[in-house]
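Single-structure report; data block below.
Residue numbers (our numbering): 12 to 437.
Okay, here's the thing in structure tokens:
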């Protein structure tokens with residue numbers, strides 16, 4: 012009943028927005044576009060965005076202009092999202108806004124954002140994961156201005172001390188599989204008598220969905236059906252069982268841990284870490300640690316490399332009455348020059364092939380490995396209006412399976428979680 016009330020509220024809100032038209036934040040004058048972003052103007056990302064808007068205003072002087080408002084997002088997700096929600100009730104959304112990738116479907120279905128296919132001139136240059144993330148109901152509603160990725164960080168000295176030949180380590184062109192990955196873990200556990208890798212099992216957040224769903228996709232499985240209508244026969248099929256068995260084995264054999272030491276990889280307690288591009292920035296504070304990055308291990312059944320992706324995007328408000336100006340701003344902010352500036356300023360992965368070429372000589376070897384993996388194998392999370400609930404169930408599944416003594420019947424666990432997903436989807 013509660014979910015029905017929420018859906019009705021969203022539907023009514025969408026109708027109100029549509030009926031009221033462009034009386035909101037974007038109506039200051041006929042050619043000035045309002046832009047809300049989720050970061051601070053003091054961050055490298057914020058400074059880059061301001062510089063891009065300044066260039067837009069200079070290039071389109073006399074035709075269009077843009078005002079950018081910085082609304083920092085708190086760690087708990089408040090701040091920016093709070094203002095977006097408040098703007099919905101007062102019909103004061105800006106002409107252009109940023110939104111996190113997994114929110115695309117919910118925003119589109121609620122009538123908050125408009126399709127922007129006709130305004131984006133470089134769609135062929137954008138990575139497939141960017142298009143996948145921003146597409147709902149076969150229409151492009153948002154475009155990501157950066158990407159993210161995860162790899163296996165490893166300590167070179169600890170590997171060599173354990174007798175691991177660094178020249179034999181996997182690459183994006185020649186990845187490894189789960190069996191080889193676990194064999195390496197066994198070698199390291201035997202040498203150091205402690206877990207070999209911090210995989211972030213203690214992070215009870217979107218990380219568990221983001222970082223662990225690629226294992227399922229590599230196996231050939233999925234979370235819900237392609238049309239998003241059901242999880243039955245999908246998240247509880249043989250592929251899901253094999254994937255969850257692999258993840259459970261990592262804990263059961265002591266290769267990883269659900270209670271890792273904080274910054275254990277950084278302080279050389281663990282030889283490996285499942286970490287993202289942000290970990291590269293963290294390691295700058297530990298200059299004495301010589302490390303490298305390996306790609307995701309693949310299912311031995313498919314040998315298909317799959318890696319996680321997704322980050323923040325630009326979208327056009329459905330309430331704007333300045334579609335042409337708003338579309339021109341988003342297209343300008345998605346140009347190679349603009350995306351390159353964001354990528355270098357914020358130490359994030361490129362969203363377009365042309366940007367990869369621009370930054371390859373400007374970033375570290377470690378970052379280039381993540382960029383290469385992302386371009387070859389990035390997979391967006393499901394584009395579902397019910398995504399937050401589905402993600403939470405997936406997260407709980409990963410958490411539950413690590414308690415292997417209580418959840419040794421993986422098929423039964425998955426059947427239970429599928430029923431929870433079905434309740435959400437239907």
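For glycine and all other residues, C-beta sits at the position ideal for the given N, C-alpha and C.
Cutoff 7 Å; reference residue i; Cβ partners in own chain excluding five residues on either side
{"i": "residue 297", "result": "277"}
{"i": "residue 269", "result": "212, 213, 262 and 413"}
{"i": "residue 347", "result": "363, 365, 366 and 369"}
{"i": "residue 387", "result": "183 and 316"}
{"i": "residue 41", "result": "none"}
{"i": "residue 222", "result": "161, 211, 285 and 319"}
Bridge-paired residues (DSSP) for residue i
{"i": "residue 80", "result": "47"}
{"i": "residue 390", "result": "319"}
{"i": "residue 309", "result": "188"}
{"i": "residue 428", "result": "Partner(s): none; residue 428 has no beta bridge."}
{"i": "residue 209", "result": "284"}
{"i": "residue 124", "result": "328"}
{"i": "residue 150", "result": "147"}
Own chain, CB closer than 8 Å to residue i, minus 5 neighbours either side, in chain order
{"i": "residue 172", "result": "202"}
{"i": "residue 398", "result": "113, 114, 116, 117 and 392"}
{"i": "residue 151", "result": "126, 127, 128, 131, 134, 142 and 145"}
Element boundaries [beta strand (DSSP E), containing residue i]
{"i": "residue 407", "result": "Segment 398 to 413 is the alpha helix (DSSP H) holding residue 407; no beta strand (DSSP E) there."}
{"i": "residue 65", "result": "Here residue 65 belongs to no beta strand (DSSP E); instead the alpha helix (DSSP H) covers 55 to 70."}
{"i": "residue 164", "result": "161 to 166"}
{"i": "residue 328", "result": "323 to 328"}
{"i": "residue 304", "result": "302 to 305"}
{"i": "residue 287", "result": "283 to 287"}
{"i": "residue 116", "result": "Unbroken run through residue 116 is the alpha helix (DSSP H), 115 to 120; no beta strand (DSSP E)."}
{"i": "residue 154", "result": "153 to 155"}
Same chain, Cβ closer than 6 Å to residue i, five either side skipped, listed in chain order
{"i": "residue 187", "result": "181 and 308"}
{"i": "residue 419", "result": "none"}
{"i": "residue 426", "result": "247"}
{"i": "residue 94", "result": "82"}
{"i": "residue 233", "result": "245"}
{"i": "residue 402", "result": "220"}
Start-to-end residues for the alpha helix (DSSP H) that takes in residue i
{"i": "residue 10", "result": "With the chain covering 12 to 437 only, the question about residue 10 has no answer from this structure."}
{"i": "residue 111", "result": "First-last for residue 111: 107 to 111, but that is the beta strand (DSSP E), not the alpha helix (DSSP H)."}
{"i": "residue 338", "result": "334 to 344"}
{"i": "residue 219", "result": "218 to 230"}
{"i": "residue 100", "result": "91 to 101"}
{"i": "residue 375", "result": "From DSSP, residue 375 is part of no alpha helix (DSSP H); its letter is neither H nor E."}
{"i": "residue 250", "result": "249 to 263"}
{"i": "residue 364", "result": "364 to 370"}
Rounded Cβ spacing between residue i and residue j (contact assumed at less than 8 Å)
{"i": "residue 344", "j": "residue 63", "result": "6 Å"}
{"i": "residue 389", "j": "residue 158", "result": "7 Å"}
{"i": "residue 110", "j": "residue 326", "result": "6 Å"}
{"i": "residue 279", "j": "residue 300", "result": "6 Å"}
{"i": "residue 429", "j": "residue 197", "result": "Actually they do not touch by this definition, with Cβ atoms about 32 Å apart."}
{"i": "residue 303", "j": "residue 206", "result": "About 19 Å separates the two Cβ atoms, so there is no contact after all."}
{"i": "residue 44", "j": "residue 77", "result": "5 Å"}
Separation of residue j from residue i, as counted between CA atoms
{"i": "residue 368", "j": "residue 164", "result": "24 Å"}
{"i": "residue 253", "j": "residue 228", "result": "11 Å"}
{"i": "residue 225", "j": "residue 385", "result": "12 Å"}
{"i": "residue 319", "j": "residue 73", "result": "42 Å"}
{"i": "residue 138", "j": "residue 238", "result": "22 Å"}
{"i": "residue 166", "j": "residue 258", "result": "22 Å"}
{"i": "residue 332", "j": "residue 161", "result": "40 Å"}
{"i": "residue 294", "j": "residue 330", "result": "43 Å"}
{"i": "residue 350", "j": "residue 91", "result": "22 Å"}
{"i": "residue 379", "j": "residue 177", "result": "18 Å"}
{"i": "residue 104", "j": "residue 435", "result": "28 Å"}
{"i": "residue 39", "j": "residue 107", "result": "No answer about residue 39 holds up, because its pLDDT of 48 lies below 50 and its placement is not dependable."}
{"i": "residue 282", "j": "residue 195", "result": "11 Å"}
{"i": "residue 174", "j": "residue 357", "result": "37 Å"}
{"i": "residue 216", "j": "residue 310", "result": "24 Å"}
{"i": "residue 255", "j": "residue 89", "result": "33 Å"}
Min CB distance residue i to chain B below 8 Å
{"i": "residue 300", "result": "Of the protein chains in this structure there is only one, and it is not chain B."}
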